[in-house]
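Asks:
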Amino acid sequence: MRSFSCDLTSKEGIQQAADIVRSLEKHLDILISNAGIRRDPPIACNPLTASLSELQTSLWSSSYSDWTSSFQVNVMAHYFLSVALLDLLAAAGEREVSPGVKGRDLGRGVVVVTSSIASLHNATNVDMMSYAATKAATDHLVALLAAKFARWYVRVCGINPGFVPSAMNPMGTGSGADIFGDLVQKVPAKRAGGLDDMAGVVLFLCSKAGAYVDGRSIAIDGGRTLFANGQV
Numbered sequence: 000m001r002s003f004s005c006d007l008t009s010k011e012g013i014q015q016a017a018d019i020v021r022s023l024e025k026h027l028d029i030l031i032s033n034a035g036i037r038r039d040p041p042i043a044c045n046p047l048t049a050s051l052s053e054l055q056t057s058l059w060s061s062s063y064s065d066w067t068s069s070f071q072v073n074v075m076a077h078y079f080l081s082v083a084l085l086d087l088l089a090a091a092g093e094r095e096v097s098p099g100v101k102g103r104d105l106g107r108g109v110v111v112v113t114s115s116i117a118s119l120h121n122a123t124n125v126d127m128m129s130y131a132a133t134k135a136a137t138d139h140l141v142a143l144l145a146a147k148f149a150r151w152y153v154r155v156c157g158i159n160p161g162f163v164p165s166a167m168n169p170m171g172t173g174s175g176a177d178i179f180g181d182l183v184q185k186v187p188a189k190r191a192g193g194l195d196d197m198a199g200v201v202l203f204l205c206s207k208a209g210a211y212v213d214g215r216s217i218a219i220d221g222g223r224t225l226f227a228n229g230q231v
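Laid out in structure tokens, this is it:
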């Protein structure tokens with residue numbers, strides 16, 4: 000196993016990463032495209048209680064560069080990385096792993112893109128406009144890439160995590176904690192998501208069990224999006 004750092008904010012950086020992979024492998028079974036950033040307005044407000052002036056000031060405080068960098072990482076990086084490695088992914092699907100069985104029959108040659116349930120609702124109790132907009136674009140990108148790659152059955156699928164604690168998305172545990180912590184208590188599952196919740200869906204998509212799934216994104220949210228638009 001080998002790891003290396005790469006710059007996914009530019010086409011050149013992505014090409015360098017693809018070149019490293021290509022120097023090591025003749026086929027690529029799985030690409031987990033997990034890059035993502037969030038850039039909230041520097042002047043914060045509570046969208047549910049802010050005055051018109053406060054809301055406008057907060058939204059206007061977002062910089063053009065924050066929006067641009069968000070689309071660079073959250074959308075463009077997934078596109079260019081998937082395209083740069085397309086031939087290796089196709090080779091994995093075409094590779095005969097046993098008599099009469101090709102890699103694609105076992106789920107190989109697949110891209111899994113990390114999106115977010117922020118793409119699936121318009122709840123205003125948190126202010127992440129640029130993030131949500133990029134994630135909506137990411138969801139559509141999954142379907143677009145899957146359609147473009149369909150002749151070689153290089154599958155492209157997405158996952159839409161809900162409240163899963165991370166360095167980018169820290170949260171409390173309930174009443175009196177930060178807003179994410181309060182919202183977790185309103186999720187039907189009554190808890191935040193965990194690594195096992197994420198890993199289970201990814202393993203499904205990358206295995207024989209999910210080999211017939213293509214161009215679709217799966218919400219891993221404990222039922223959050225059933226109510227999110229209603230601010231529950």
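The sequence shown begins at 0 in numbering that gives the first Met the number 0 and counts up by one. Cβ coordinates follow ideal geometry from the N, Cα and C atoms, glycine included. Note that the structure is a prediction, hence the values are computed from the model and not measured.
1. List the endpoints of the continuous beta strand (DSSP E) containing Leu30.
2. Using DSSP's beta-bridge definition, name the partner residues of Arg103.
3. Counting only the same chain and skipping the five closest in sequence on each side, list residues whose C-beta sits under 6 angstroms from that of Trp260.
4. Considering only the beta carbon of each residue, do Val112 and Val155 sit closer than 8 angstroms?
5. Quick check on the DSSP output: the beta strand (DSSP E) that includes Arg154 runs from which residue to which?
6. Nearest CA to the CA of Pro164: which residue from Leu144, Ala191, Pro187 and Phe148?
7. Go ahead and pull the three-state DSSP assignment for Ile217.
8. Can you tell me the Cα-Cα spacing of Thr224 and Ser64, whole angstroms?
9. Would the region 100-114 and the region 46-61 be scored as touching if the rule is three or more Cβ pairs under 8 angstroms?
10. Just to confirm the assignment: which complete beta strand (DSSP E) runs, minimum length 3, are found wholly within the region 24-71?
Replies: Walking through what the data contain:
1. Annotation: the continuous beta strand (DSSP E) that includes Leu30 extends over Ile29 to Ser32.
2. Bridge partners of Arg103 according to DSSP: none are assigned.
3. Because the chain spans 0 through 231 in this model, residue 260 falls outside it and cannot be assessed.
4. Yes. Within cutoff.
5. Per DSSP, Arg154 belongs to the beta strand (DSSP E) from Arg154 to Pro160.
6. The shortest C-alpha separation from Pro164 is found at Ala191.
7. DSSP places Ile217 in strand when its eight states are reduced to three.
8. C-alpha separation (whole angstroms): 30 angstroms.
9. As far as the Cβ criterion goes, the region 100-114 does not touch the region 46-61, which means the pair count is below three.
10. List check, beta strand (DSSP E) in window: 29-32.
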